[in-house]
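> Starting off with a structure, shown below.
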Amino acid sequence: MNKRKQSIPAKVLREMITGFRKIVPRNSESLRQVKFDLASGLVMVTDGSAFLSYQLGLRDQNGGSYFLPFDGLSHFAKGLPARQEVVLEAQADIATLTTADRKCFAKPMTPEDSFESHPSLIGKAQPVTPDERTAILRAFTCASTDTTRPVLQGVFFDNEGATPQVVGTDGRCLYQEHLQNLEIQKPFILPASPLLQWRGFSDDWQLKVSRGQKDLTMIQLTAGPWTFTTPALEGNYPNWRQVIPDVRTRLSRLTLGKDDIATLREMNGDSIGFLSKPDEVRFVTFDKEAQKWTANIAKDSSLKGPPSRVFIDPKFLKRALDAGVTETCMAAESDPVLFRGKGQFVVMPLRVSGPAIPDREPKPEPEPEPEPEPQREPEPQQLKKPQQTQKLVAPTPPKSMQTTPPNPNPITPAQAALESLRTLKGQLRESIGLVETAVRQLKDVQADHRATKKDMKTIRGTLQSLKKVAFAN
Numbered sequence: 041m042n043k044r045k046q047s048i049p050a051k052v053l054r055e056m057i058t059g060f061r062k063i064v065p066r067n068s069e070s071l072r073q074v075k076f077d078l079a080s081g082l083v084m085v086t087d088g089s090a091f092l093s094y095q096l097g098l099r100d101q102n103g104g105s106y107f108l109p110f111d112g113l114s115h116f117a118k119g120l121p122a123r124q125e126v127v128l129e130a131q132a133d134i135a136t137l138t139t140a141d142r143k144c145f146a147k148p149m150t151p152e153d154s155f156e157s158h159p160s161l162i163g164k165a166q167p168v169t170p171d172e173r174t175a176i177l178r179a180f181t182c183a184s185t186d187t188t189r190p191v192l193q194g195v196f197f198d199n200e201g202a203t204p205q206v207v208g209t210d211g212r213c214l215y216q217e218h219l220q221n222l223e224i225q226k227p228f229i230l231p232a233s234p235l236l237q238w239r240g241f242s243d244d245w246q247l248k249v250s251r252g253q254k255d256l257t258m259i260q261l262t263a264g265p266w267t268f269t270t271p272a273l274e275g276n277y278p279n280w281r282q283v284i285p286d287v288r289t290r291l292s293r294l295t296l297g298k299d300d301i302a303t304l305r306e307m308n309g310d311s312i313g314f315l316s317k318p319d320e321v322r323f324v325t326f327d328k329e330a331q332k333w334t335a336n337i338a339k340d341s342s343l344k345g346p347p348s349r350v351f352i353d354p355k356f357l358k359r360a361l362d363a364g365v366t367e368t369c370m371a372a373e374s375d376p377v378l379f380r381g382k383g384q385f386v387v388m389p390l391r392v393s394g395p396a397i398p399d400r401e402p403k404p405e406p407e408p409e410p411e412p413e414p415q416r417e418p419e420p421q422q423l424k425k426p427q428q429t430q431k432l433v434a435p436t437p438p439k440s441m442q443t444t445p446p447n448p449n450p451i452t453p454a455q456a457a458l459e460s461l462r463t464l465k466g467q468l469r470e471s472i473g474l475v476e477t478a479v480r481q482l483k484d485v486q487a488d489h490r491a492t493k494k495d496m497k498t499i500r501g502t503l504q505s506l507k508k509v510a511f512a513n
């Protein structure tokens, strides 16, 4: 084979390495390899099941295939200027990546090498619109990371119904949205690879799915020069339809304004509550360290329906807001919350504990202005002893006419129960103390009884001895 030289911009080489890092396994030396196929112009990696390739656009029909360690390629490209040209020179026995001051070597691929060939799928690829791509990425935010539930570690493409739908869930939150243009011949689960959420894989997507009904379903996504091929996750996806509540049962509907959405994004805590009344909507969060509730009055949100009260996990709320929801549909405090936007986001509520939430934020009372005292000339007796000011006291009404002023902070049933438990706790402690005293007294009585019994035994022995004594006549 004659020498063949090709030029690769360092910017492209570094972009390839960044994308390959999303696929190359960390703990497998045999799979941490990069394959240069000069005949097709493809550079590819695999994790043993999924494949990722980059089309360089440089093809040589007589070119061969070469292996290069991924770590060696990363070290070679580190620190290269974006405009630096890297020369790829291939010979029969070796391939070299060269710059002015560094080199990297690749060995030819042999039949003994265990790098499987990149699978090719038959059929025409479908374009994925930007809105559909966004819907898929929104569903990915709810995919599970629990390795014990592999079927939930992806998003489900459901072809049942008038239009296909994409669904993601981890068992605690769920996102669902319709796909208006894609045609799904059979349902499948797309693994939640970090590559798909990488900004370098954000060009217009092309989707291709294998047509076989019995064989393992293969999925191929193309974005610009990238091609990602992966097997679908196997298993039965949960019945997600029964999780989404009927919106007709959620009579309390809160439409979120832009200002309030920004406020909710900035709120932190262990839980965020929605407290809605016909004349006021509040977003509250609880600070455990300060044992205090913080409330924000809604500015541009509107409520339709009866008052409601619900608490949810802040991380799920932020996921819902990232999904572009604008309406919150609520029922009872223990029922799932339904967020609606372009799709539907279902969140399980939280049960919170702590001090009672104040109905309204207390307003500081204005301090009364002191009344000016009339200036009087001091009398002689006032110089010796200050005269006490007499206060006008209203006559005390009879007890039957006295009224108790309303308590500004009425005690809730929970607080009353807690106070009763505290009183009972004190009474129990006092009773336990009395019991312990009685036990000690009984022990003393038993000790006295044993001592008396012992003395009586000694006296009896003495009397028996006296009977044996003989007196002289």
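Just remember that the working numbering sits 40 ahead of the position in the sequence shown, which is counted from 1. Using N, Cα and C, we set each Cβ at its ideal position, and we do this for glycine too.
(1) In or out: SER70 buried (at least 16 other Cβ within 10 Å) or exposed?
(2) For MET84, does the three-state DSSP call read helix, strand or coil?
(3) With distances taken from CA atoms, which of ASP495, TYR215, VAL350 is nearest VAL365?
(4) By the three-class DSSP mapping on this structure, what secondary structure does LYS494 have?
(5) How big is the Cα-Cα spacing for THR295 and SER342?
(6) Run through DSSP, which three-state label would GLU401 get?
(7) What's the C-alpha gap between GLN422 and ASP327?
(8) Could you check whether ALA50 and ALA122 sit closer than 9 Å to each other, using their CB atoms as the reference points?
(9) Does DSSP classify PRO170 as helix, strand or coil?
(10) For ILE162, count neighbouring Cβ atoms within 10 angstroms of its own Cβ and tell me buried if that reaches 16, exposed if not.
(11) If you follow the alpha helix (DSSP H) that MET56 is part of, which residue opens it and which one closes it?
(12) Is it true that the CB of VAL168 sits closer than 9 Å to the CB of GLN246?
(13) Can you name the start and end residues of the alpha helix (DSSP H) that LEU357 belongs to?
(14) Could you name the residues of the same chain whose beta carbon sits closer than 8 Å to that of LEU357, not counting the 5 residues immediately before and after it, in chain order?
(15) At what residues does the beta strand (DSSP E) containing THR325 begin and finish?
(16) According to DSSP, is LYS465 helix, strand or coil?
(17) Report the residue from ALA371, PRO389, GLU367 whose alpha carbon sits nearest the alpha carbon of ARG380.
(18) Within 10 Å of its beta-carbon, does MET496 have 16 or more other beta-carbons around it, so buried, or fewer, so exposed?
(19) Could you give the C-beta distance for GLN220 and PHE180, rounded to a whole number, given that I count them as a contact under 8 Å?
(20) Between the segment 267–278 and the segment 347–363, do at least 3 Cβ pairs fall closer than 8 Å?
(21) So for GLY313, helix, strand or coil by DSSP?
(22) Is there contact between the segment 115–134 and the segment 171–185, where contact requires at least three CB pairs shorter than 8 Å?
(23) Using the C-alpha atoms, what's the distance from VAL126 back to LEU229?
(24) Could you check where the alpha helix (DSSP H) with SER160 kicks off and where it finishes?
(25) Indicate the three-state DSSP secondary structure (helix, strand or coil) for VAL387 in the structure shown.
(26) Which of the three DSSP states is assigned to SER105 in this structure?
(27) Apart from the five residues on each side of it in sequence, which residues of its chain come closer than 6 Å, Cβ to Cβ, to ALA232?
(28) For a quick check, are the C-beta atoms of HIS218 and PRO204 less than 9 Å apart?
(29) Can you check whether the CB of ILE337 is closer than 9 Å to the CB of ARG322?
(30) On the DSSP letters alone, give me the boundaries of the beta strand (DSSP E) that SER114 sits inside.
(31) Report yes if the C-beta of ALA263 is less than 8 Å from at least one heavy atom of the ligand SAH; otherwise report no.
(32) Where does ASN447 fall in DSSP's three states?
Inspection of the coordinates gives the following:
(1) SER70 comes out exposed.
(2) If DSSP states are grouped into helix, strand and coil, MET84 belongs with the strands.
(3) Nearest of ASP495, TYR215, VAL350 to VAL365, Cα basis: TYR215.
(4) For LYS494, the three-state secondary structure derived from DSSP is helix.
(5) When only Cα atoms are considered, THR295 and SER342 end up about 5 Å apart.
(6) With a pLDDT of 49 at GLU401, under the threshold of 50, the modelled position of that residue is not reliable, and the figure given next carries that caveat. The answer is coil: DSSP assigns GLU401 none of H, G, I, E or B.
(7) Only weak support exists for where GLN422 lies, its pLDDT of 44 falling under 50; the coordinates are left without a value.
(8) Taking 9 Å as the cut-off, the beta carbon of ALA122 is found closer than this to the beta carbon of ALA50.
(9) It is helical.
(10) With fewer than 16 other Cβ atoms from the protein chains shown falling within 10 Å of its own Cβ, ILE162 counts as exposed.
(11) For MET56, the enclosing alpha helix (DSSP H) has its first and last residue at 50–60.
(12) Taking a C-beta distance under 9 Å as the contact criterion, GLN246 and VAL168 qualify as a contact pair.
(13) Taken as a continuous stretch (DSSP letters only), the alpha helix (DSSP H) holding LEU357 covers 354–362.
(14) So the list reads LEU304, ILE312, VAL387, once near-sequence residues are dropped.
(15) 320–327 is the extent of the beta strand (DSSP E) around THR325.
(16) LYS465 sits in a helix when the DSSP states are folded into three classes.
(17) Selected option, being the one with the closest Cα: GLU367.
(18) Counting the other Cβ atoms within 10 Å of the Cβ of MET496 gives fewer than 16, which makes it exposed.
(19) The distance from the Cβ of GLN220 to that of PHE180 is about 19 Å, inconsistent with a contact at the 8 Å cut-off.
(20) Taking a contact to require three or more Cβ pairs closer than 8 Å, the segment 267–278 and the segment 347–363 do not qualify as touching.
(21) Reduced to three states, the DSSP call for GLY313 is strand.
(22) They do not touch, by the three-pair rule.
(23) Per the sequence shown, residue 229 should be read as Ile rather than Leu. Roughly 39 Å separates the two Cα atoms.
(24) Note, SER160: premise wrong, no alpha helix (DSSP H); not H, not E.
(25) Note: VAL387 maps to strand in three-state DSSP.
(26) When DSSP states are grouped into helix, strand and coil, SER105 belongs to the strand group.
(27) Beyond the five residues adjoining it in sequence on each side, ALA232 comes within less than 6 Å, by CB distance, of PHE180, ALA183, GLN193, GLY194 in the same chain, given in chain order.
(28) Contact flag set, yes.
(29) Between ARG322 and ILE337, the C-beta spacing is below 9 Å.
(30) Looking at the DSSP string, SER114 is not in any beta strand (DSSP E); the run it does join, the alpha helix (DSSP H), is 110–117.
(31) This structure does not include the ligand SAH; it has no bound ligands of any sort.
(32) The pLDDT assigned to ASN447 is 49, lower than 50, so where the model puts this residue is not dependable, and the model offers no usable value.
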